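Chemist: Provided herewith is a single structure, encoded as structure tokens, for subsequent inquiry.
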Amino acid sequence: MIAVLAVAFLATGCGAVGRVTSGDTSKGKQLFNEKCASCHTLADAKSQGTVGPNLDDAFSSDKQQGFSEQTMADIVRGQIAYADPEGPMTPNLVRGSDADSVALYIAKCAGNPSCGIHLYAANHGFNCDQRGSYNAGAAATALERSLYHFGKHLG
Ligand code: HEC
1379 MIAVLAVAFL ATGCGAVGRV TSGDTSKGKQ LFNEKCASCH TLADAKSQGT
1429 VGPNLDDAFS SDKQQGFSEQ TMADIVRGQI AYADPEGPMT PNLVRGSDAD
1479 SVALYIAKCA GNPSCGIHLY AANHGFNCDQ RGSYNAGAAA TALERSLYHF
1529 GKHLG
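Shown next as structure tokens:
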């Protein structure tokens, strides 16, 4: 089933984003602060932007209706990739696994400021993800590269 879905997404080509299957919520929170907080209110991130919808409000009703975290992550991921190019939200502010991480973070924490996602401490070795495959060094390198990329392209 998963293989079939993956093929279906690949087949759609050009920029279609797949489902969010993994992500690093700490990194997602950090990226949210950098890229999204200026426009969106989200209690967990202590952001109070008002240009875009309040994300606590936007997703708490979804949570009450029983939407799964997976579904909400996929919705956010879609919005990141396909935000209306005419609107204030630039599409693809974050990409790839960074976008997955932001989507997963919002799915977990919107309307739920006690979700318990913490930012990296000064010593990134402190942060221990639940996944055995988690590699803090690689995550830090990836973040550094992303920041470089953003600096270069978003000025
Ligand atoms: C310059 C302001 C701005 C920034 C930065 C921004 N957004 Fe938005 N966002 C908006 C606006 C305005 C809308 C509503 C209309 C639209 O889709 O453009 C929106 C809509 C959304 C929605 C849909 C909410 C709903 O009620 O359906 C989500 C989810 C979202 N943004 C997430 C993000 C994420 C994640 C980031 C960072 C990667 C981000 N936004 C960055 C302005 C912004």
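With this note's numbering, letter number 123 in the sequence shown gets 1501, and the count goes up by one each step, no holes.
No residue lacks a Cβ here, since even glycine has one placed at the ideal position from N, Cα and C.
Here the structure is a predicted model, which is why all the values come from computation and not from measurement.
For residue 1529, does the three-state DSSP call read helix, strand or coil?
Modeler: The residue labelled residue 1529 in the question sits at position 151 within the sequence shown. In this structure, residue 1529 counts as helix in the three-state DSSP scheme.
Chemist: Residues in the same chain with beta-carbon distance under 7 Å from residue 1427, minus the five sequence neighbours each way, listed in chain order, please.
Modeler: Translated into the one-based positions of the sequence shown, residue 1427 becomes position 49. So the qualifying residues of the chain are 1415, 1416, 1417, 1418 and 1419.
Chemist: Who pairs with residue 1425 in a beta bridge, going by DSSP?
Modeler: For the purposes of this step, residue 1425 is identified with residue 47 of the sequence shown, where counting begins at 1. Partner(s): 1420.
Chemist: If you reduce the DSSP assignment to three classes, tell me which class residue 1502 lands in.
Modeler: Within the sequence shown, the letter at position 124 stands for residue 1502. Here the model assigns residue 1502 a pLDDT of 48, short of 50, so the residue's position is not dependable, and the following value carries that caveat. Residue state, collapsed to three classes: helix.
Chemist: Taking the straight line between their C-alpha atoms, what separation do you get for residue 1483 and residue 1495?
Modeler: Residue mapping note: residue 1483 aligns to position 105 of the sequence shown, counting from 1. Residue mapping note: residue 1495 aligns to position 117 of the sequence shown, counting from 1. When rounded, the distance between both Cα atoms is 8 Å.
Chemist: Are residue 1459 and residue 1395 touching if we call contact CB-CB under 9 Å?
Modeler: The count along the sequence shown starts at 1 and reaches residue 1459 at position 81. The count along the sequence shown starts at 1 and reaches residue 1395 at position 17. Yes. Within cutoff.
Chemist: Alpha carbon to alpha carbon, how far is residue 1469 from residue 1490?
Modeler: Counting from one through the sequence shown, the residue named residue 1469 turns up at place 91. Counting from one through the sequence shown, the residue named residue 1490 turns up at place 112. So the alpha carbons of these two residues sit roughly 25 Å apart.
Chemist: Mind checking residue 1560: buried by the 16 CB within 10 Å criterion, or exposed?
Modeler: The chain is shown from 1379 up to 1533; residue 1560 falls before or after that span and cannot be answered.
Chemist: In terms of residue numbering, what span does the alpha helix (DSSP H) encompassing residue 1478 cover?
Modeler: Numbered from its first residue, the sequence shown carries residue 1478 at position 100. Start and end: 1474-1487.
Chemist: Given a threshold of 16 other Cβ atoms within 10 Å of its Cβ, counted over all protein chains shown, does residue 1497 qualify as buried or as exposed?
Modeler: Indexing the sequence shown from 1 puts residue 1497 at position 119. Flag for residue 1497 reads exposed.
Chemist: Run through DSSP, which three-state label would residue 1397 get?
Modeler: Here the question's residue 1397 lines up with position 19 in the sequence shown. Looking at residue 1397 - three-state DSSP - the assignment turns out to be coil, as it is neither helix nor strand.
Chemist: Just to confirm my understanding: we take residue 1455, look at its own chain, exclude 5 residues before and 5 after, and list those with CB closer than 7 Å. What are they?
Modeler: Position 77 of the sequence shown holds residue 1455. 1395, 1398, 1477, 1478 and 1481, listed in sequence order.
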